[in-house]
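Engineer: Under the numbering used here, the first residue of the sequence shown carries the number 36, and numbering increases by one thereafter. Quick one: the structure is below, and I'll ask about it shortly.
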Amino acid sequence: MSRKIAYALTSLVVLALIAGAFVGGFVYGHTVGKAGAIPIIGTPKGLQVLEEARNIIMQQYVDKVSDAKLTDGALDGMVESLKDPYSEYVAPSKMTAFRAHMLGEFSGVGITLGMRKGKVTVVRPIPKTPAARAGLRPGDVIVSIDGTPTAKMSLAAASEKIRGPKGTTVRLGISRTGLAKPKVYPIVRATISVPTITSSVVGPGLGYVSLRSFSPATGADFEKAIMDLERKKGVKGVIVDLRDNPGGLVEAAVEVASVFIPRGTVVSIKGRDGRSETMSAIDNEYHSKMKLVVLVNGNSASASEIFAGAVQDNKRGLVVGTKTFGKASVQTIEDLENGGAIKITTAHYYTPKGRLIAKCGIKPDVVDKGPADPMTFGTAKDAQRKRAIEILRKLVDGELRP
Numbered sequence: 036m037s038r039k040i041a042y043a044l045t046s047l048v049v050l051a052l053i054a055g056a057f058v059g060g061f062v063y064g065h066t067v068g069k070a071g072a073i074p075i076i077g078t079p080k081g082l083q084v085l086e087e088a089r090n091i092i093m094q095q096y097v098d099k100v101s102d103a104k105l106t107d108g109a110l111d112g113m114v115e116s117l118k119d120p121y122s123e124y125v126a127p128s129k130m131t132a133f134r135a136h137m138l139g140e141f142s143g144v145g146i147t148l149g150m151r152k153g154k155v156t157v158v159r160p161i162p163k164t165p166a167a168r169a170g171l172r173p174g175d176v177i178v179s180i181d182g183t184p185t186a187k188m189s190l191a192a193a194s195e196k197i198r199g200p201k202g203t204t205v206r207l208g209i210s211r212t213g214l215a216k217p218k219v220y221p222i223v224r225a226t227i228s229v230p231t232i233t234s235s236v237v238g239p240g241l242g243y244v245s246l247r248s249f250s251p252a253t254g255a256d257f258e259k260a261i262m263d264l265e266r267k268k269g270v271k272g273v274i275v276d277l278r279d280n281p282g283g284l285v286e287a288a289v290e291v292a293s294v295f296i297p298r299g300t301v302v303s304i305k306g307r308d309g310r311s312e313t314m315s316a317i318d319n320e321y322h323s324k325m326k327l328v329v330l331v332n333g334n335s336a337s338a339s340e341i342f343a344g345a346v347q348d349n350k351r352g353l354v355v356g357t358k359t360f361g362k363a364s365v366q367t368i369e370d371l372e373n374g375g376a377i378k379i380t381t382a383h384y385y386t387p388k389g390r391l392i393a394k395c396g397i398k399p400d401v402v403d404k405g406p407a408d409p410m411t412f413g414t415a416k417d418a419q420r421k422r423a424i425e426i427l428r429k430l431v432d433g434e435l436r437p
């Protein structure tokens, strides 16, 4: 019997796995259920060729090779042939770590990684983590991990190599502008805890909420933060900052959207059969009437894009910044008889007005390209946030309308 899990995958190719915090946000979501045995699809001839190749290797290859190794290789190649960066085969030996990644239960150094010009790059270290304390900076290029060059390493492989048991050391070779040659940073891994929500007052009657991800607790925590700003601090307009937010649970995105959108469609889901499923706003007792600006960038993805698209299509606020990443798809995990699993894309998300998010992204109502140094996000030096505050003030004063 195979166990099927579908969820909103937010792992990115550009903004990848937070090494040791939570892996790009791919966490459970959308549906969890049981599925019967999957019927075999394909010609007997194809299966015969696979068996023929296996027998040749087992009998004639110069070194002894295990059946499990050949099975893993065949399954890995099958999924690789899809040319989908979000689909993968997970070998039995990696399942424990894979489940931990989905639940966010693992240790690392606390950095957000990205692939910039083909190089594994630090997007930003998470404050108060081993990486931040070691002195890693945004833009640092990781040229080696424990002595292994990263030149031909995928983002997922680099992140996996950086993660590891708490208390162990990983040695990162760092290339940086100003360094004559790469410098090796030995960093002790730790359990990384990242607050998903921070809020503050940024001006008379204006509030600011930063969301790092969409986790199971995000909806309730977000509603509490908005209620506190509106009812206790007299805030009349709020900026929701989703820059560098790789996403998370689609349910959390719907819950967050429902704070501002009392009714109607938040997102729709469509698979290859063409049938569409709609997820609507939740009829909560509390709905904020505050004016709204959503701040996004090229690393805002998946659940972040679902929220931003819902705000736009429901004319609930203005989206400011740069075009989002364009990654919003449903992934399904099927457990296999060998103890491994395959994860494949099975559907895409669409905005309430039917705009495809995958590959297209969400285009902001007001384009502001920065400069946007991730280390200044939410500070007085944050140029994009300053622009968002100006726009929010005009919304509150009635000079602008969504």
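Every residue gets a Cβ at the ideal spot worked out from N, C-alpha and C, and that includes glycine. All values reported here derive from a predicted model rather than from experimental measurement.
1. Tell me, please, which residues DSSP counts as bridged to ALA382.
2. For ARG159, which residues does DSSP report across the bridge?
3. For SER14, which of helix, strand or coil comes out of DSSP?
4. Confirm, please, whether the CB-CB distance from SER293 to ILE304 is below 8 angstroms.
5. Run through the region 236-321 for me and flag every whole alpha helix (DSSP H) of 4 or more residues, listed as ranges in chain order.
6. Could you pull the start and end residues of the alpha helix (DSSP H) that GLU425 belongs to?
7. How many whole angstroms separate the CB atoms of ALA169 and ILE227, which I take to be in contact at a CB cut-off of 8 angstroms?
8. Within the continuous alpha helix (DSSP H) that includes VAL97, where are the two ends?
9. Taking 8 angstroms as the cut-off, decide whether the C-beta atoms of ARG422 and VAL355 are in contact.
10. Hey, could you find the ends of the beta strand (DSSP E) LYS104 is sitting in?
11. If you measure between the beta carbons of LYS362 and SER337, is that distance less than 8 angstroms?
12. Among LYS154, PHE295, PHE257 and ALA316, which has the Cα closest to the Cα of ASP175?
13. Look at the Cβ atom of VAL144, then the Cβ atom of PHE133, and state whether they are nearer than 8 angstroms.
14. For the alpha helix (DSSP H) holding GLU340, just list the boundary residues, first then last.
15. For a test of the three-state rule: what should DSSP assign to ARG351, helix, strand or coil?
16. Using the Cβ count rule (16 or more neighbours within 10 Å means buried), how would you classify MET325?
17. Would the region 189-205 count as touching the region 101-119 if we require 3 or more Cβ pairs under 8 angstroms?
18. With distances taken from CA atoms, which of GLN347, VAL365, ALA167 and THR367 is nearest THR386?
19. In angstroms, rounded to a whole number, what distance separates the CA positions of LYS429 and GLY112?
20. What are the boundary residues of the beta strand (DSSP E) that includes PRO221?
21. For LYS201 versus ALA225, is the C-beta spacing smaller than 8 angstroms?
22. Count the other CB atoms within 10 Å of the CB of ASN373; is the residue buried (16 or more) or exposed (fewer)?
23. Helix, strand or coil: which one does DSSP assign to PRO437?
24. Closest to GLU123 by CA distance: which of MET130, THR131, VAL114 and LYS129 is it?
25. Give me the Cα-Cα distance between LEU241 and LEU427, rounded to the nearest whole angstrom.
26. Can you grab the Cα-Cα spacing for the pair PRO173 / SER142, in whole Å?
27. Need the endpoints of the alpha helix (DSSP H) that GLU372 sits in, please.
28. If I measure Cβ to Cβ from TYR243 and keep anything under 6 angstroms in the same chain, skipping five residues before and after, which residues do I get?
29. Return the CA-CA distance between ARG247 and LYS259, expressed in angstroms with no decimal places.
30. With 16 as the cutoff for other CB atoms within 10 Å, does GLN419 come out buried or exposed?
31. Report the residue from TYR220, GLY389, ASP256 and GLU87 whose alpha carbon sits nearest the alpha carbon of VAL205.
32. Would you list the residues sitting across from GLY356 in a DSSP beta bridge?
33. Residues in its own chain within less than 8 angstroms of ARG298 by CB, not counting five upstream and five downstream?
34. According to DSSP, what are the bridge partners of TYR124?
35. How would you write the range of the alpha helix (DSSP H) that ILE197 sits in, first residue to last?
36. Provide the residue span of the alpha helix (DSSP H) that contains ARG211, from first to last.
Structural biologist: In short:
1. Answer is GLY306 and VAL365.
2. Under DSSP, ARG159 forms a beta bridge with THR147.
3. Lying before the first or after the last residue shown, residue 14 is absent from the chain, which here runs from 36 to 437.
4. Contact flag unset, no.
5. The DSSP assignment places 253-262 and 285-295 as complete runs of the alpha helix (DSSP H) inside the region 236-321, in order along the chain (cut-off: 4 residues).
6. Element bounds for GLU425: 418-431.
7. That pair is no contact at about 14 angstroms.
8. It is not in any alpha helix (DSSP H) - VAL97 carries neither H nor E in the DSSP assignment.
9. Their beta carbons are under 8 angstroms apart, which means ARG422 touches VAL355 by this criterion.
10. Premise fails: LYS104 lies in the alpha helix (DSSP H), 102-115, not in any beta strand (DSSP E).
11. At the C-beta level, LYS362 and SER337 come within 8 angstroms of one another.
12. Of LYS154, PHE295, PHE257 and ALA316, the residue nearest in Cα terms is LYS154.
13. Contact: no.
14. Start and end: 338-348.
15. In the structure shown, ARG351 sits in coil (DSSP, three-state: anything other than H, G, I, E or B).
16. By the neighbour-count criterion, in which a residue is buried when 16 or more other Cβ atoms sit within 10 angstroms of its Cβ, MET325 is buried.
17. As far as the Cβ criterion goes, the region 189-205 does not touch the region 101-119, which means the pair count is below three.
18. Nearest of GLN347, VAL365, ALA167 and THR367 to THR386, Cα basis: GLN347.
19. If you take the alpha carbons of LYS429 and GLY112, they lie about 54 angstroms apart.
20. Unbroken beta strand (DSSP E) run through PRO221: 218-223.
21. Remark: C-beta atoms of LYS201 and ALA225 approach each other more closely than 8 angstroms.
22. Burial check for ASN373: the Cβ neighbour count within 10 Å stays below 16, so the residue is exposed.
23. Reduced to three states, the DSSP call for PRO437 is coil.
24. When only C-alpha atoms are compared, the closest one is VAL114.
25. So the alpha carbons of these two residues sit roughly 8 angstroms apart.
26. In this structure, the CA atom of PRO173 is about 21 angstroms from the CA atom of SER142.
27. Counting along the chain, no alpha helix (DSSP H) covers GLU372, and no H or E run does either.
28. Excluding positions up to five away in sequence, the list reads SER235, VAL237 and ILE274.
29. Cα to Cα, the separation comes out at about 16 angstroms.
30. Buried.
31. Measuring from the Cα of VAL205, the nearest candidate turns out to be TYR220.
32. BP columns for GLY356 point to VAL331 and VAL402.
33. Excluding residues within five positions, the ones whose Cβ falls inside 8 angstroms are SER315, ALA316 and ASP318.
34. BP columns for TYR124 point to ILE377.
35. Note, ILE197: alpha helix (DSSP H), 190-197.
36. Per DSSP, ARG211 is not a residue of any alpha helix (DSSP H), being assigned neither H nor E.
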